[in-house]
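S.K.: Per my numbering, the very first residue in the sequence shown carries number 1; after that it's consecutive.
Heads up, the beta-carbon is just placed ideally off N, CA and C, and yes, glycines get one too.
The structure displayed is predicted, hence computed values, not measured ones.
Have a look at the structure that comes next, please.
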Amino acid sequence: MTRLMDAKKHVLVLPEGVASGEEGVRHHRFLSLPHPRTGRSSLFLVDPSGRGALFEVQRVDQAGTPRTWFVDQEVVNDGSLLLLTPFDPLFLLISYLSLLSPKFLPYQDLWETVLLQLSILDPSQRTPTDDEKLASTLTEDVGVLSRLGCVEARLKAVCEKREHAELQLFRLSPDLVLQELKRKIDGLVDPEGGIFEQTTTKDAVPKPEEEAAANENEQPKAGKESSETQVAPQQFPTLLHSLVREGCGSDPGFSKEIQREARQRVACSLVGNYLPLATSTLLSKAYPCPNLDTHLTSLQSSSVLSATYHPGRASTSGGGIGSGAGTAGAVAKAKKLASKGSMGVEQLKKVSTKGMKKLDSFFFKQPAPTGAKGVKRKVEE
């Protein structure tokens, strides 16, 4: 928990070691910068530890539902939850430098041009919020961003460099951008340490002495159990749901190529949330998924066939899939099954109806009353 502005308090979840104590992140610098994908004003926190890293500030809130936090003996009126997650400034650089013309510029002039382009953006794309008061003007925030060591290092990784009159000039390189993004995608889908695999410790297999202790109904020491036999849970279960939506889960029946392409597509979708639309499209094209597309097409075809042919229309044993006789027999069998009623209906058909009145005998036309006709005739006269 920390104070962000005035006496207003918020509850934050942030990485360990970023801030501690009662002060929290009260005196640390927040930057209000356009989001790399949407252009809307977003909050970023400069790493208070002095390492020059960035953290993205995300608010988790349920609109229309009043909430509060109870922290120790205090009540925090703002019931939202702020999440601070590490953020790669590469996404900001790709978005901002894509607005510039392809010219070589010195580092300082490059950021002045970026500031000019961000200032003339459509104001409707930048929706100010209450938290925007935490940061200074756009000019100061962009200046702070340009002076961060991590930003300068990431800029050199995606820009072409040229020396001129003792000045180092930079220009955004689409090839270097794609190279860095592909490195990110490959890291996300890497079976060793990626976000889709279950991580286990090297010593997850019990040692011989521990097996002997288990056979003798002895409990291993708590220290060994926590440091040697602990198996980490699945890192990101929601990503598995994304794989299922792509038609590829953890079923061993899928080929490795289909699983790999499905993971690449999900990873491209995740990274694309922080890229301009044009760059996200180029990244997706860099990872073609022919096997996955064929698999998804077959799933769609199977869905169409299931909706067209009802159960019971399978071809008979005497004919194959393309056999006309087998198809005709299947259709005839389906019609017979459709005309057959349920067990209760079939039993009612066997009941003797001798001496029973027919159902339509209870419904007949009522005779019109004579008195009403006489009254009508009198009124007409």
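1) If you draw a straight line from the alpha carbon of D175 to that of I94, how long is it in whole angstroms?
2) Start and end of the alpha helix (DSSP H) containing Q347?
3) Compare the C-alpha of D88 against each of A153, L105, S80, V75 and name the closest.
4) Just curious, the alpha helix (DSSP H) that T281 is in, first and last residue?
5) Buried or exposed for H164, please, with buried defined as at least 16 other CB atoms from any protein chain shown within 10 angstroms of its CB.
6) Tell whether a beta-carbon distance below 9 Å holds between H10 and V76.
7) Taking the alpha carbon of D141 as the reference point, which residue from G272, P34, Y274, S342 has its own alpha carbon closest?
8) Return helix, strand or coil for S42, following the three-state DSSP convention.
9) What residue does the alpha helix (DSSP H) around C289 start on, and which one ends it?
10) Alpha carbon to alpha carbon, how far is L138 from D130? Give it in angstroms, no decimals.
11) Quick one: using the 10 Å Cβ neighbour count with 16 as the cut-off for buried, is Q277 buried or exposed?
12) Do the segment 62-70 and the segment 155-169 meet, that is, are 3 or more Cβ pairs less than 8 Å apart?
13) Buried or exposed: where does V60 fall if 16 or more other Cβ atoms within 10 Å of its Cβ makes it buried?
14) Between Q62, L169, F254, L90, which has its C-alpha nearest L110's C-alpha?
15) Looking only at C-alpha atoms, which of E56, P106, P102 sits nearest to P86?
16) Pop quiz: V189 and Q264 are said to be a contact at Cβ under 8 Å. What is the actual Cβ separation, rounded to whole angstroms?
17) Given this structure, state the Cα-to-Cα distance separating F104 from L97, to the nearest angstrom.
18) Suppose you measure from the CA of A286 to the CA of L181; what does that come to, to the nearest Å?
19) Shortest alpha-carbon distance to V71 belongs to which of D360, Q259, C268, L12?
20) Would you kindly report the start and end of the unbroken alpha helix (DSSP H) that includes T139?
21) For the beta strand (DSSP E) that Q168 lies in, which residues bound it at each end?
M.R.: In brief:
1) 12 Å
2) 343-349
3) A153
4) 277-285
5) exposed
6) Yes, these two residues count as a Cβ contact at 9 Å.
7) Answer by Cα proximity: P34.
8) strand
9) Here C289 belongs to no alpha helix (DSSP H), and DSSP marks it neither H nor E.
10) With a pLDDT of only 46 at D130, under the threshold of 50, the placement of this residue in the model should not be trusted; the figure read from the coordinates follows. So the two alpha carbons sit approximately 15 Å from each other.
11) It should be pointed out that residue 277 corresponds to Leu in this sequence rather than to Gln. Exposed.
12) no
13) exposed
14) L169
15) E56
16) 6 Å
17) Note on geometry: alpha-carbon atoms of F104 and L97 lie some 12 Å from one another.
18) 10 Å
19) L12
20) It spans 138-146 - the alpha helix (DSSP H) in which T139 sits, taken as one unbroken run.
21) 167-172
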